[in-house]
Amino acid sequence: MEPAKIGPTAPVSEPNKNGYVLVIMVLILASVFSVVLIKITLQSISFLESSSLRVAEANFLSLENSCAHENLIKLTRDESYTGETLNLFSGSCTSVITDDGSNKNISLTVTQENYTDNLIITVDPNLKKIVAWDN
80 MEPAKIGPTA
90 PVSEPNKNGY
100 VLVIMVLILA
110 SVFSVVLIKI
120 TLQSISFLES
130 SSLRVAEANF
140 LSLENSCAHE
150 NLIKLTRDES
160 YTGETLNLFS
170 GSCTSVITDD
180 GSNKNISLTV
190 TQENYTDNLI
200 ITVDPNLKKI
210 VAWDN
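So, in structure tokens, the structure goes:
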């Protein structure tokens, strides 16, 4: 004997594919967002590297200018000043002062981290005037 069926039976239908479409759309959107986030991250890293380079350059120029000014002041106060090594702004500056006729040449070698620069300043001590500033 067969059990009695109550009500009509549902016809067998195809499976619902709307869920698959939603999953595929979510995966596509996640991929696009991932690419955008990676691009933004790489741009931020590049910006930070260029910013730190600008800061290092500004610090180096400050060291160079401070060293030049310090040597100019010392030479103005004492005409027999021959130079020295100064440690400023986590860098060093070595100066050598030589006579060039009536003028004096201040030869500077400035070093800070991986940066080194040479600078020659020609000064007229009688007029207390910079004649030349050559990088």
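Per the working numbering, the very first residue in the sequence shown carries number 80; after that it's consecutive. The beta-carbon is built from N, C-alpha and C at its ideal position, and this holds for glycine as well.
- In the three-state DSSP reduction, threonine 120 falls in the helix class (H, G or I).
- When the five nearest sequence neighbours on each side are left out, the beta carbons in the same chain lying within less than 6 Å of the beta carbon of proline 204 are those of Glu158 and Lys183, in order along the chain.
- About 15 Å separates the beta carbons of glutamine 191 and serine 174, which is beyond the 8 Å limit, so they are not a contact pair.
- Annotation: tryptophan 212 to serine 110 spans about 57 Å, alpha carbon to alpha carbon.
- By the Cβ-count criterion, leucine 121 is exposed, with fewer than 16 other Cβ atoms from all chains shown falling within 10 Å of its own Cβ.
- In this structure, the alpha-carbon of valine 100 lies about 36 Å from that of isoleucine 85.
- Per DSSP, the unbroken beta strand (DSSP E) holding threonine 188 starts and ends at 182 to 191.
- Residue state for threonine 161 is assigned as coil, using DSSP reduced to three classes.
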